[in-house]
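Following the UniProt record's numbering, the numbering of the sequence shown begins with 1 at its first residue and continues without gaps. Where is the CB? At the ideal position from N, CA and C, for every residue including glycine. This report refers to the structure that appears directly beneath it.
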Amino acid sequence: MINYDLFAEQYVATVKHGGPRKAHRYLIEQLNLEMNVAGKTICDLGCGQGELAYQLSSLGAVVTGIDASQKLLSYARGLTGQVNWVCEDAMTLSSVPDESFDAVVSSLMLMDVPDHLAVFKQTMRILRPGGVFVWMVMHPCFHSPFCGLQDDGSRIVSQYAPQFWKSEGQGTLRSVLGSYHRPISQYVNDFMKAGFILDRFFEPHYEIKPSSAAQRIPDMPNHFGALGRKRETPLI
Numbered sequence: 001m002i003n004y005d006l007f008a009e010q011y012v013a014t015v016k017h018g019g020p021r022k023a024h025r026y027l028i029e030q031l032n033l034e035m036n037v038a039g040k041t042i043c044d045l046g047c048g049q050g051e052l053a054y055q056l057s058s059l060g061a062v063v064t065g066i067d068a069s070q071k072l073l074s075y076a077r078g079l080t081g082q083v084n085w086v087c088e089d090a091m092t093l094s095s096v097p098d099e100s101f102d103a104v105v106s107s108l109m110l111m112d113v114p115d116h117l118a119v120f121k122q123t124m125r126i127l128r129p130g131g132v133f134v135w136m137v138m139h140p141c142f143h144s145p146f147c148g149l150q151d152d153g154s155r156i157v158s159q160y161a162p163q164f165w166k167s168e169g170q171g172t173l174r175s176v177l178g179s180y181h182r183p184i185s186q187y188v189n190d191f192m193k194a195g196f197i198l199d200r201f202f203e204p205h206y207e208i209k210p211s212s213a214a215q216r217i218p219d220m221p222n223h224f225g226a227l228g229r230k231r232e233t234p235l236i
């Protein structure tokens, strides 16, 4: 698993300047389509510095935020709100009992683990029957090792195979920590392989404030995600 303790301060600064907040809002919107979160037990898996968990708590959910980075959790504990913060590996969740949650959310975390299928399986285990899992990653087509931005704002993808990679930038998140790139089909098929009933997947488009930089960005989604649920009763 990628060690965010090596980049915690920079990551928190990135989030303060916008970062994944649009993804957080979108995940909450998707979850609200399935349930009234007030009073529900919800796990924010890969919670980082805790903003998504805090937002869910402010809506009345009973929230547990889980992350493998002690440094990011130290920032999370500085937030107000009633959230239970837990340092745990998302691929094992060894301290989390079976059928503990009504819902699990995961924002931009699955690219940081070497075994995403293990995360899917553990999430299935900790969900109650009928529980919902909604997750999002950076879009595998348009944010990948070999997806290059052209002068006209278009992108050319030269490779699409699964691999661990680091960007060529200096001092950026992905140049320091890297990322696990996987095709869309691998995410979706393994999600169902873990036992989830796939309800929908999504490629959200966010409003972009007019600017010279924004005008160079084509109409391509930054994120890809899915929502699925655990069966009410197991298959016989």
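Between which two residues does the alpha helix (DSSP H) carrying residue i extend?
i: D190; result: 184–193
i: A226; result: No alpha helix (DSSP H) contains A226, which is instead part of the beta strand (DSSP E) from 223–229.
i: A103; result: Unbroken run through A103 is the beta strand (DSSP E), 101–107; no alpha helix (DSSP H).
i: Y54; result: 51–58
i: F120; result: 116–126
i: S74; result: 70–76
i: H24; result: 21–32
Does residue i pass the burial test, meaning 16 or more other C-beta atoms within 10 Å, or should it be called exposed?
i: H223; result: buried
i: K230; result: buried
i: S95; result: exposed
i: P234; result: exposed
i: Q70; result: exposed
i: Y206; result: exposed
i: D67; result: buried
i: S185; result: exposed
i: E51; result: buried
i: Q122; result: buried
Spatial neighbours of residue i within its chain, please: CB distance less than 6 Å, with the 5 preceding and 5 following residues excluded, ordered by chain position.
i: Y26; result: P204
i: N84; result: T64
i: residue 238; result: Because the chain spans 1 through 236 in this model, residue 238 falls outside it and cannot be assessed.
i: A53; result: D44, C47, V63, G65, V83
i: E34; result: V132
i: E232; result: P129, G130
i: G225; result: W135, M136, F202
Please look up how many angstroms separate the CB atoms of residue i and residue j, rounded, as I've assumed it's under 8 Å.
i: L45; j: V104; result: 5 Å
i: M109; j: G195; result: M109 to G195, Cβ: 20 Å. No contact.
i: F202; j: V188; result: Contact doesn't hold; Cβ gap of about 12 Å is too wide.
i: H81; j: S57; result: The sequence as given places Gly at residue 81; His does not occur at that position. That pair is a contact at about 4 Å.
Could you give the residue range of the beta strand (DSSP E) that holds residue i?
i: T41; result: 41–45
i: T64; result: 62–67
i: L198; result: 197–202
i: S179; result: 179–181
i: V83; result: 83–87
Here's a check: name, in chain order, each residue in its chain whose Cβ is nearer than 8 Å to the Cβ of residue i, leaving out the five neighbours to either side.
i: G39; result: G60, A61, V62
For residue i, collect the residues of the same chain with a Cβ closer than 7 Å to its Cβ; drop the 5 residues on either side in sequence, then sort them by chain order.
i: F101; result: T41, I42, C43, I126, L127, R128, G131
i: A118; result: M91
i: G228; result: F133, F191, F196, I197, L198, D199
Is there a Cβ from chain C that is less than 8 Å from the Cβ of residue i?
i: F133; result: Looking for chain C here will not work: only one protein chain is present.
Stretch-stretch touch, CB-based, cutoff 8 Å, three pairs: the region 105–116 with the region 77–96
At 8 Å Cβ cutoff, the stretches touch.
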